[in-house]
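Participant: So the sequence lines, in the order shown, correspond to chains U and D. Each residue of the first sequence is one higher than the one before, counting from 1219 in the numbering used here. Each residue of the second sequence is one higher than the one before, counting from 177 in the numbering used here. Built from N, CA and C at the ideal position, the CB exists for glycine as well. Take a look at the following structure, please.
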Amino acid sequence: MHTFAELIIVFVILLDLALAVTGSLSSCIRLVALQGVVAGLLPLLAGSGAPHARAVVFALVIVTLKGAVFPRLLMRARDKSGARRDVEPLISYPASILLCLGAFIASSWLGSRLPLPQAGVAWIVPASLATIFTGFLLITTRSKAITQVLGYLVIENGIYIFGLALFVEQPLMVELAILLDVFVAVFVMGIAIFHISREFDHIDTAELSELNDWRRGEYGK
Amino acid sequence: MLLVLLSIVILISSASLALCLGRNASRAQDAGAYGAAAASAAGLIPALQVLLTGTAETISFPWPVPLGSFTFTLDPLSAFFLVPLYILTGLSAVYGVDYLKNYAGRKPLGLAWAAFNILTAAMVLVFTAGNAVLFMLGWELMAAASFLLVLFEHEKPQVRRAAFIYLTAGGAGALMLLAAFSLLGAGSAALDFSSFPSPSRGIASAVFLLALCGFGLKAGFIPLHVWLPEAHPAAPSQVSAVMSGIMIKTGIYGLIRVLGFIKPWEEWWGWTLLIIGAVSCLLGALFALAQHELKRVLAYSSIENIGIILLALGLGMAGAACGADALAGLAFGGALLHVLNHALFKGLLFMGAGSVLHGAGTAELEALGGLAKRMPRTAPLFLAGSAAACALPPLNGFAGEFLVYLGAFRSLNSAGSTAIAGVVSGLALASAGALAAAAFTRAGGAAFLGEPRTERAAKAREAGPLMLFSMRALVLLCLLCGLAAPLLLAPLGRAVASGFGLSFSAAAAGAASVPLLYVSAGGLLLLALIALAAARRSAFLGVKMPAAGPTWDCGYAAPSARMQYGASSFSQPLTDFFQPILRKLGQYPVISEYFPGRASFSSEAQAVFFNAVYLPAAVRIRNLAFRFSWLQHGRLQLYIMYIVVTLLGLLLWKL
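Encoded structure:
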């Protein structure tokens, strides 16, 4: 049973690397959705014996949200915004994948140092940390607002897996709360991106920085 | 105790009611004013009861906030501050109904009343809190509510500037208080005042300095006063009365409370307070003499009076550190009594200034004049307030200062540094009193006597009935506190015992009771003489009507109102003498010919400390901050990276 879970962990890590090099926005959305589905299935496989009915229902909710609802919302936002179809990275793809690999090495080291209870599944802590770092990478090095939403989703996946590493069932409540937050965030950002692109004809955050209220030239005399 | 909580509930509910009724100005006024008056009536009962019996009460509810608890303590010290608070806020609310009528429709009166009542509730909270978190909650609420009230006439740029300075000062003070309470409560489970462990000597000194600066920024003694002469005149007059009368006393209250936690006192603490107090009362009175606006004169006079209170505290601490209990008790008693007295007469004076502003539309001294004929009811009330502020018997200002003088004289017998402290405080008090007398003679004379200098002053009208009622009530209380000072000694002793220590009150009661009897006997004698003179006058005049003639016009052929002594000309000899300190701006012509031509005169009082110290410091800090403006570039990705890097750093640091 655990071998299967470990296979999933490896898959999650590969998805992280893939996210770091994917240029197409729609593939990115699909990859994030796939990662969410895989992570959602993980608790069913990580425990020993048959899973509880509650866990099954919960996994179903997560898979539906992350696999169907979020990608649809994001795809819609992408279409409506009429922006370029690539992620417009601020750094090159080789640099992204190097950073992602570095994050994986750092999280392996971090995973061995963190004072955590022994996890049942091998590599689960480093994988979760690496996923969180990948999420941050997406947020900080991609210029579109929509990739920031994707980054938050990836971080959420990472947190979810990290929670699984510690306890198999307790974090479900916590996860539920986080999921709700992310759901609202995706919703709001989807709407906001749509409106921003309608007002400004683009959703490039670098351009949005024109909106900031504090410039030395105007105020600092 | 329950009634005090009830008063808080009344205040908060009437505040929300006033806010809800904001559309209808007169209803909002009613909601706010009735609420404040009812809360005052409810709160005065337990406060007076505690002062008369001397038993402290405590109520505690759990509060889920970390380190916090809803602990309310009503001991004689709290009660002694609560009494003037309730009296002044209740009367100010009554006053405000008439005063704010002019603003109906132009200003959000519902919001103003809500802020006023929240301010009162916050001050009650500050005076009764038995937990540092609760205290800080009240403290911040007080700052926020009074900030809103200072901004009442926000369309004027100088008001916005005053409010900004006020907000900055309040924030800085709160920061220091947080540090002080953290130091005090380090190691205890909750920040209850009763559970503070006794600090080590070094910590105690640090707490003292932090509390002095933090509470000083609220109390407004020099050099932490810069916000006070800006913010107090900017607020509506009944709010100025509350702010100057009682809100700045929260700083004194907090300082006394914190001093109770860090016993035994060091002698240099006393000296620090003494010197700051002496400087504040001297410079406060001096700056008051140079101001051109009535409310600014009063604001500087508040600085002077806070200085007197602080000086008395310092004298007492210096004496207590040397074991001179009677001296310390007299000084502490004088400080507390002056808190009460100043609240009463400064409230009265600000209301009087408000009546002038309300009646004549301006409070610029050079634009007033002759108001005694146009506002015949306000004028004697303002005169009485001025006499109290100058510490003239039989009014109440004298009693508190008299106790401090007694302490100062008593210290002359003791050896060494205490005697020097006594000499310093006696000299400072006497000189400040003389300067204050000059300042109030000038302000009252320029506003009320002579002929009106402008059209507006000529058309001034009398204050409304509710305004007059509040001022009359305060005059009555001032007179009562002045004449009945010996009766105040017992409650005062209880407050001193709960605030400073039992030994002081016992020693002071013995030393003060007989001299205070002489004071009130003298006051009664003076009143009797005045009554006798009045009776003789009316008996002499009988039914005869005295004729009214023109004032002697110094032999000028065509006198005009502009030839009168103005406020500037009255104080010019003194202000010229102190020019190195006052640094007045302006110029006046030197007359060298027999037939001088046209000439112009101008004079402007400078905010010396603000311009010489705070403004350069602020500019320097801002320039330093601009060096880091590259950090604030507006790129969201990099902002998030700052957060990630910080979080990672913290994680690795703790690993």
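Starting from the Cα of Ile235 (chain D), find the closest Cα among D:Ala454, D:Thr247 and D:Leu285 and give me that residue.
Facilitator: Reading the second sequence from its first residue, position 59 is the one you call residue 235 (chain D). It is D:Thr247 whose Cα lies nearest to the Cα of Ile235 (chain D).
Participant: According to the neighbour-count rule (16 or more other Cβ atoms, all chains shown, within 10 Å of its Cβ), is Ile1312 (chain U) buried or exposed?
Facilitator: What you label residue 1312 (chain U) is simply residue 94 of the first sequence in a count that begins at 1. The amino acid at residue 1312 (chain U) is misidentified as Ile; the sequence shows Pro. Under this definition Pro1312 (chain U) is an exposed residue.
Participant: Do Leu644 (chain D) and Arg553 (chain D) come within 7 Å of each other at the CB atom, strictly closer than that value?
Facilitator: The residue given as residue 553 (chain D) occupies position 377 in the second sequence. The residue given as residue 644 (chain D) occupies position 468 in the second sequence. Cβ distance < 7 Å, so Arg553 (chain D) and Leu644 (chain D) count as in contact.
Participant: Could you check whether the Cβ of Ile1357 (chain U) sits closer than 7 Å to any Cβ belonging to chain D?
Facilitator: Taking the first residue of the first sequence as position 1, residue 1357 (chain U) is located at position 139. With 7 Å as the cut-off, Ile1357 (chain U) counts as an interface residue toward chain D.
Participant: Report all residues from its chain with a CB closer than 8 Å to the CB of Ala1403 (chain U); omit the five preceding and five following residues, and keep chain order.
Facilitator: Indexing the first sequence from 1 puts residue 1403 (chain U) at position 185. Val1367 and Tyr1370, listed in sequence order.
Participant: Quick one, which of D:Arg377, D:Ala365 and D:Ala204 has its alpha-carbon nearest Ala191 (chain D)'s?
Facilitator: Stepping through the second sequence from its first residue, residue 191 (chain D) is reached at position 15. Cα-wise, what sits closest to Ala191 (chain D) is D:Ala204.
Participant: Taking only beta-carbon positions, decide if Ile797 (chain D) is within less than 7 Å of chain U.
Facilitator: Taking the second sequence and counting its residues from 1, the one referred to as residue 797 (chain D) is at position 621. False, the Cβ-Cβ gap to chain U never drops below 7 Å.
Participant: What are the start and end residues of the beta strand (DSSP E) that includes Ile235 (chain D)?
Facilitator: Numbered from its first residue, the second sequence carries residue 235 (chain D) at position 59. Where Ile235 (chain D) is concerned, the enclosing beta strand (DSSP E) stretches over Glu233 to Pro238.
Participant: Compare the Cα-Cα distances from Ala319 (chain D) to each of D:Ala350, D:Ala688, D:Pro409 and D:Lys760 and report the closest residue.
Facilitator: Residue mapping note: residue 319 (chain D) aligns to position 143 of the second sequence, counting from 1. The candidate whose alpha carbon is nearest that of Ala319 (chain D) is D:Ala350.
Participant: Say whether chain D places a C-beta atom closer than 7 Å to the C-beta of Phe1354 (chain U).
Facilitator: Here the question's residue 1354 (chain U) lines up with position 136 in the first sequence. Output row for Phe1354 (chain U): interface = yes.
Participant: What in chain U is Cβ-close to Leu800 (chain D), meaning under 8 Å?
Facilitator: Position 624 of the second sequence holds residue 800 (chain D). By Cβ distance, chain U contributes nothing, its closest Cβ being about 12 Å from Leu800 (chain D), past 8 Å.
Participant: Between the region 1303-1318 of chain U and chain D, which residues of the former have CB atoms less than 9 Å from a CB of the latter, in chain order?
Facilitator: Leu1308
Participant: Got a sec, what are the start and stop residues for the alpha helix (DSSP H) Gln414 (chain D) sits in?
Facilitator: As a working note, residue 414 (chain D) is residue 238 in the second sequence. Taken as a continuous stretch (DSSP letters only), the alpha helix (DSSP H) holding Gln414 (chain D) covers Ser413 to Val418.
Participant: If we define contact as Cβ-Cβ less than 7 Å, is Ile816 (chain D) a contact residue for chain U?
Facilitator: Working through the second sequence from its first residue, we reach residue 816 (chain D) at position 640. Yes, Ile816 (chain D) lies at the interface with chain U (some Cβ there is under 7 Å from its Cβ).
Participant: Does the beta-carbon of Trp315 (chain D) have 16 or more other beta-carbons within 10 angstroms, so that it is buried, or is it exposed?
Facilitator: Start at 1 with the first residue of the second sequence, and residue 315 (chain D) comes out as number 139. Classification for Trp315 (chain D): buried.
Participant: Taking only runs of the beta strand (DSSP E) that begin and end inside the region 1264-1324 of chain U, which ones reach a length of at least 3 residues, in chain order?
Facilitator: Counting only runs of 3 or more, we get nothing.
Participant: On the three-state DSSP scale, how would you describe Leu1332 (chain U)?
Facilitator: Here residue 1332 (chain U) refers to the residue found at position 114 of the first sequence. Three-state DSSP puts Leu1332 (chain U) in coil, outside helix and strand.
Participant: Can you tell me the Cβ-Cβ gap for Leu450 (chain D) and Ala494 (chain D), rounded? I've got them flagged as a contact below 8 Å.
Facilitator: The count along the second sequence starts at 1 and reaches residue 450 (chain D) at position 274. The count along the second sequence starts at 1 and reaches residue 494 (chain D) at position 318. Confirmed, Cβ separation roughly 6 Å.
Participant: Between Ile1373 (chain U) and Ile424 (chain D), what straight-line distance do the alpha-carbon atoms span, to the nearest angstrom?
Facilitator: As a first step, residue 1373 (chain U) must be located in the first sequence, where it is residue number 155. As a first step, residue 424 (chain D) must be located in the second sequence, where it is residue number 248. Using only the alpha carbons, I get a separation of about 51 Å.
Participant: By Cβ distance below 7 Å, which residues in the same chain neighbour Val1284 (chain U) in space, the five residues on each side in sequence not counted?
Facilitator: Numbered from 1 along the first sequence, position 66 holds the residue referred to as residue 1284 (chain U). In the sequence under discussion, the amino acid at residue 1284 (chain U) is Lys, which differs from the Val named in the question. Hits under 7 Å: Ala1251, Gly1254, Val1255 and Gly1258.
Participant: Compute the Euclidean distance between the alpha carbons of Gly286 (chain D) and Leu1249 (chain U), then round it to the nearest angstrom.
Facilitator: Position 110 of the second sequence, counted from the first residue, corresponds to residue 286 (chain D). Position 31 of the first sequence, counted from the first residue, corresponds to residue 1249 (chain U). C-alpha separation (whole angstroms): 56 Å.
Participant: I want to see whether chain U comes within less than 7 Å of Val820 (chain D), judged by CB atoms only; does it?
Facilitator: Taking the second sequence and counting its residues from 1, one reaches residue 820 (chain D) at position 644. Yes, because at least one Cβ of chain U sits closer than 7 Å to the Cβ of Val820 (chain D).
Participant: Take Ser413 (chain D) as the anchor and find which of D:Gly583, D:His534, D:Glu769 and D:Leu665 has the nearest alpha-carbon.
Facilitator: In the second sequence, counting from the first residue as 1, residue 413 (chain D) sits at position 237. Among D:Gly583, D:His534, D:Glu769 and D:Leu665, the Cα nearest to that of Ser413 (chain D) is on D:His534.
Participant: Roughly how many angstroms separate the alpha carbons of Ala249 (chain D) and Leu220 (chain D), rounded to a whole number?
Facilitator: Counting from one through the second sequence, the residue named residue 249 (chain D) turns up at place 73. Counting from one through the second sequence, the residue named residue 220 (chain D) turns up at place 44. The sequence given here has Thr at residue 249 (chain D), not Ala. In this structure, the alpha-carbon of Thr249 (chain D) lies about 15 Å from that of Leu220 (chain D).
Participant: Going by DSSP, name the residue or residues bridged to Ser1242 (chain U).
Facilitator: The sequence position of residue 1242 (chain U) within the first sequence is 24, counting from 1. Per DSSP, U:Asp1304.
Participant: If the cut is a Cβ gap below 8 Å, which residues of chain U does Pro791 (chain D) touch?
Facilitator: Along the second sequence, one-based indexing puts residue 791 (chain D) at 615. The question names Pro, but residue 791 (chain D) in the sequence shown is Leu. Within chain U, no residue comes near Leu791 (chain D); the closest Cβ sits about 15 Å away, beyond 8 Å.
Participant: Using a 10 Å radius around the Cβ and a threshold of 16 neighbouring Cβ atoms, would you call Met721 (chain D) buried or exposed?
Facilitator: The residue labelled residue 721 (chain D) in the question sits at position 545 within the second sequence. Met721 (chain D) is exposed by the Cβ-count criterion.
Participant: Assuming contact is defined by CB atoms lying nearer than 7 Å, are Leu503 (chain D) and Arg586 (chain D) in contact in what I supplied?
Facilitator: As a first step, residue 503 (chain D) must be located in the second sequence, where it is residue number 327. As a first step, residue 586 (chain D) must be located in the second sequence, where it is residue number 410. Yes.
Participant: Let's see if you can read the secondary structure: which residues bound the alpha helix (DSSP H) around Phe804 (chain D)?
Facilitator: Counting from one through the second sequence, the residue named residue 804 (chain D) turns up at place 628. Note, Phe804 (chain D): premise wrong, no alpha helix (DSSP H); not H, not E.
Participant: Between D:Ser376, D:Leu462, D:Gly306 and D:Ala297, which lies nearest to Ile422 (chain D) when the distance is taken from Cα to Cα?
Facilitator: Position 246 of the second sequence holds residue 422 (chain D). Considering only alpha carbons, the answer is D:Ala297.
Participant: Terminal residues of the continuous beta strand (DSSP E) containing Gly762 (chain D)?
Facilitator: Within the second sequence, residue 762 (chain D) is the residue found at index 586, counting from 1. Per DSSP, Gly762 (chain D) belongs to the beta strand (DSSP E) from Leu761 to Gln763.
Participant: Run down chain U in chain order and give the residues with a C-beta less than 7 Å from the C-beta of Leu287 (chain D).
Facilitator: Counting from one through the second sequence, the residue named residue 287 (chain D) turns up at place 111. None at all; the shortest Cβ gap to chain U is about 26 Å.
Participant: Can you round the beta-carbon distance between Leu227 (chain D) and Pro662 (chain D) to whole angstroms, since I take them to be within the 8 Å contact cut?
Facilitator: Here residue 227 (chain D) refers to the residue found at position 51 of the second sequence. Here residue 662 (chain D) refers to the residue found at position 486 of the second sequence. Contact flag wrong, Cβ pair sits at about 15 Å.
Participant: Could you tell me which chain U residues have their CB closer than 8 Å to the CB of Leu807 (chain D), listed as they occur along the chain?
Facilitator: Here residue 807 (chain D) refers to the residue found at position 631 of the second sequence. Residues of chain U passing the Cβ test: none, with the nearest at roughly 11 Å.
Participant: Kindly indicate the opening and closing residues of the beta strand (DSSP E) around Leu250 (chain D).
Facilitator: If you number the second sequence from 1, residue 250 (chain D) lands on position 74. Run containing Leu250 (chain D): Ser245 to Leu250, per the beta strand (DSSP E) assignment.
Participant: Leu831 (chain D) CB to nearest chain U CB: under 7 Å?
Facilitator: As a first step, residue 831 (chain D) must be located in the second sequence, where it is residue number 655. Closer than 7 Å: yes.
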